Every structure is written in C-alpha cells, then in structure tokens.
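Line order of the protein sequences matches chains Y and G.
Residue numbers for the first sequence follow my numbering, so the first one is 15 and each next one is one higher.
Residue numbers for the second sequence follow my numbering, so the first one is 131 and each next one is one higher.
Backbone N, C-alpha and C fix where the C-beta goes; we use that ideal spot for every residue, glycine too.
Computed from a prediction, not measured in an experiment: that's the story for all the values here.
Please read the structure below before turning to the comments.
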Amino acid sequence: MAKGFVSITVERCKGCGFCVEFCPTHVLCLSSAFNSKGYHPPNIVSAEKCSGCDLCGMYCPDFAIFGARYAR
Amino acid sequence: MNETTLEIPYEIPADAHNPVEPFLRMDRMPHIWCPGCGIGTTVNCFTRALLDSKADLDKVAVVSGIGCTGRVAGYARLDSFHTTHGRAIPFATGLKLSNPELQVVVYSGDGDLFAIGGNHFIHAARRNMDLKVICVNNLTYAMTGGQTAPTTPSKVISATNPYGVFEPSFNLVALAEAAGASYVARWTTYHVKQLARSMEEIFKKKGFCFIEVLSPCPTLYQRRNKMGDGLDTMKFYKEVSKVRHGARTSECELTKSGEIVVGKFVDRERPDYFELLRAQMTESLGDRYAEPEVSCSEC
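Below, the structure is given as structure tokens:
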C-alpha cells in the first residue's frame, strides 16, 4: 500500500519534465499521450512507490501536479 | 515514454487539493510563463513558506514590477500591486511606511530590480527598509526578447550581443551586501526546499532581506546559448551548485558555465528605518514626537 498519492491536472501541464526527473522514488514518467495543448503530461507508472513527499508539487512550474500522504 | 493513457490508476481523496491553489487566482490560469521556466517553481516555494510560517494573509502584500516575474503579483491571491517598470521598491517602501503592520514582499526579476530599478534597490538596502525582496534572476531580459541585462554573464550570446557579451555583470549578492541588506541568500530553482526555508526565515526577520533565485529561461537565454531546455538547466544547477553558507559574496560571481555558489551569505542585525527614525525624532523632538497612527487597519 502506497503511503501517498499524486494528483495531476493534465490540461495545465506544459510537459517540462521536472516532476519526472526529480521524483525521489521514480513514480512518474512522461506519457506518449498528448493533452489538448499538445504537451506530454506525466503518467503514473509505479503508484505503489509514492511516498507523498510533494516534491513534484514544489517543482511543478504550472501548478499541475501535487502529492500528499494518505490520512491514517 | 511508454504509456498512451493519462488515467490515474487510483482514487484521489475528495478533500485533496493542491496546496498552492488557495494562494493563486485560479481564474487566471494557465499562466503565461513558458514551458520549463522556473518562476512557477519559485511561486510554489513562496506559498509553502507562507503556509509554514502561518503568516496572516491579510497582512501580506506582494509588489512586483514589470517583466516575466512581474506577473507574480497578478497571479497571487493576496493584496498585490503590479507597479511600473523598476518602481516596485519605491511603491513597497511607501506601502510599508503608511502601514507598518504589513509584511511587504517585493517579487520581481533581475531586469526590473537591478537595471531600471537599481538605484531604488541600493537605497532601500542602505536605509534598511523592512522589505522582503525576492529576485528571480534568469540572466536576461526575458519578456522583451532576450537582450543583455546587467546580470548577463560574459561570453553569453544575447539578442543585443550576438557575438558574445563583453561587459562585466553585476554580482547581485555582493551588491546587496555592500548596500547594507540584513539578509542575503542565493538559491536556484533546483533547491526548492532550501528556498522555501529561506523565504520562511525572511518573513521572521526585520530589515531589508534579499534572496536571489536563479531560474532557467529556456526560450531566450538557454536556446541562444545552446544550453538545452528548462530540465537541462535544472540538471546543470544540480551539477554545478555548491552550498556554502556564509561564503564571501565577492567570490560568488556567476559565470556562464562555472560553479554556482548558493546558500545564506549574510544574516546580520542592523537597526531598520523605523528604529532609526524613531530614535532620531525622539532625540530631537522629545515628547513632541508622536508615532503616526495607522488609520487603514479596517479597510
């Protein structure tokens, strides 16, 4: 069971890849699918590894992604 | 790239929300900043710092000048003002003097604060006005097309120096220290946690505080110099930056591809403008000096 989760607002993403590069547990990868503006948003590849540290949320310049921990 | 769907493979809790959203005017999103620009990242750090410092948001004001970073005032859901070019610090000074309860944050770019507004910057630092200045430094005039700015390092290709910049550039941290700032730090957009902590520190500190944040400008600076996109610049920051707290600011010059010294360089106590004003007026006027009343606390 993952400790945390990430939530992505696909339409706000501009595909810079900061979240994919700097995720400490490598939860994300850039998708080959497009959003309506033609950017490749990140895709969740290993959700179980997410620790909910929200580093992706701090890096995202477009406010399109955030991470949080599940309430216990 | 190996997936073709954008499905999130689990349920997002209903009460989850992006912690930055309450601080932004979401009706203005998406913002105008280019893909790979670091200004949004600095805004994230700013909002995390506001959250962690538990600041009273009714008492925080953001003042910006003109430029890419100048748009922050328009996007922040706080009392904010988008001033004319270079005049963010004079406006913020007036705001602080008329309502000393306010926490005034000047959020602007290097072109605005150090080119047209350079004089205002050094004099606010000299007076030690209680302002928190956050300067997002992308080493160029980004909004007008990538011309040479006072911060552009030598050998860089810019719109106005197609054969390379030959002018010496400003070392912003040394300038701020020499002018008299109480707190001087430099981070890059790669150092998000440190930057957020630094911003939290300046909310608690009295006097003129200055943070320089190096940020990628993939569209104009990195493209002309064949330095890749925003992500390549972030990796470059990760590779070449060295944290050296308390380093001598005169040795922290920025170059095109050399080491970037980051950290907190200056943290000192100096009497701020209000203390000096009060001391001088009490000394010369004695009982006749009355503190000015702030009458706009309800408005």
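Simplified DSSP state of residue i, which is helix, strand or coil
i	result
G/V286	coil
G/I252	helix
G/Y293	coil
G/L181	helix
G/N174	helix
G/F395	strand
G/L269	coil
G/S414	helix
Y/G29	coil
G/E133	Caution applies to G/E133, whose pLDDT of 48 falls short of 50 and renders its modelled position unreliable; the model cannot decide the point.
G/S434	The question about residue 434 of chain G has no answer here: the residues shown for chain G are numbered 131 through 429.
G/F340	strand
Y/F19	strand
Y/F77	coil
G/S238	strand
G/P280	coil
Y/R83	strand
G/V190	strand
Y/C37	coil
Local Cβ density within 10 Å of residue i, reported as buried at 16 or more and exposed below that
i	result
Y/D76	buried
G/R178	buried
G/K368	exposed
Y/H54	buried
G/L173	A small fix is needed here, since residue 173 of chain G is Val in this sequence, not Leu. Burial call: buried.
G/E73	Because chain G in this structure spans residues 131 to 429, residue 73 of chain G falls outside the shown range and cannot be described.
G/A409	exposed
G/A144	exposed
G/M364	buried
G/T349	buried
G/S345	buried
G/F76	Here chain G has residues from 131 to 429 only, and residue 76 of chain G is not among them.
G/D240	buried
G/K184	exposed
G/L125	Lying before the first or after the last residue shown, residue 125 of chain G is absent from chain G, which here runs from 131 to 429.
G/R201	buried
G/N249	exposed
Contacts around residue i, its chain only, beta-carbon distance under 6 Å, and the 5 residues preceding and following it disregarded
i	result
G/M259	T223, F338, Y403
G/D82	Examination of residue 82 of chain G is not possible in this model, given that chain G is present from 131 through 429 alone.
G/Q316	This sequence places Arg at residue 316 of chain G; Gln is not what is there. These residues qualify, in order along the chain: V303, E342, V392.
Y/A78	T23, R26, C27
Cβ of residue i within 9 Å of any chain G Cβ
i	result
Y/S50	no
Y/C37	no
Y/K17	no
Y/C21	According to the sequence displayed, residue 21 of chain Y carries Ser and not Cys. At least one chain G Cβ lies under 9 Å of Y/S21.
Y/R26	yes
Distance cut-off 8 Å: residue i Cβ against heavy atoms of the ligand ATP
i	result
G/I246	Here there are no bound small molecules, and the ligand ATP is not part of this structure.
Neighbour flag for residue i against chain Y, beta carbons, 9 Å
i	result
G/I169	yes
G/M131	Bear in mind that a pLDDT of 48 at G/M131, under 50, signals an unreliable position, so the number given afterwards is only what the model happens to contain. Yes, contact with chain Y.
G/I142	yes
G/R178	yes
G/L243	no
G/L361	yes
G/M329	no
G/A311	no
G/V150	yes
G/V173	yes
G/W130	Any answer about residue 130 of chain G is impossible in this case: the structure gives chain G only from 131 up to 429.
G/G248	no
G/V202	no
G/L154	yes
G/H147	yes
G/K184	no
G/A206	no
G/A272	no
G/A326	yes
G/G166	yes
G/I332	no
G/I138	yes
G/K365	yes
G/P160	yes
G/V193	no
Assumed close pair residue i, residue j - CB separation to whole angstroms, cut-off 8 Å
i	j	result
G/L325	G/V343	6 Å
Y/C33	Y/Y73	6 Å
Y/G81	Y/G31	16 Å between Cβ atoms; not a contact.
G/F395	G/C382	7 Å
Own chain partners of residue i with C-beta closer than 7 Å, once the 5 adjacent residues on each side are dropped
i	result
G/N132	For G/N132, the predicted structure reports a pLDDT of 48, less than 50, and the residue's modelled location is therefore unreliable. A value from the coordinates is still provided. No residues qualify anywhere along the chain.
G/N355	V286, I287
G/T385	P283
G/G166	P346, P348, D359, G360, L361
8 Å Cβ shell around residue i - same chain, five flanking residues per side excluded
i	result
G/L225	A191, V193, F211, L232, V234
Y/C37	L69, C70
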